[in-house]
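Numbering (my numbering), first residue to last: -11 to 50. In this text, a Cβ means the ideal position worked out from N, Cα and C, and glycines have one as well. Note that the coordinates shown come from a computational prediction; the quantities given were computed from them, not determined experimentally. Below: one structure, written as structure tokens.
Written out as structure tokens, the structure is:
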């Protein structure tokens, strides 16, 4: 897990966001990254790469 995070960190550093909230759900083995204060999503879209994109109805919640 640590090695995967280290590989991801250069890409995260290039993002134009000031804060990133990170939450790990050990039971589901899911890592959540939020680029704005975490909020409740109204809809979830699943991609082909096991990535879930969440939306509040107007904006994506990552």
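Nonlocal neighbours in the same chain, by C-beta distance under 6 Å from residue 40, ignoring five residues either side: 32 and 34
Pairwise C-alpha distance: residue 3 and residue -6: 15 Å
Residue 22: first and last residue of the uninterrupted beta strand (DSSP E) it sits in: 18 to 22
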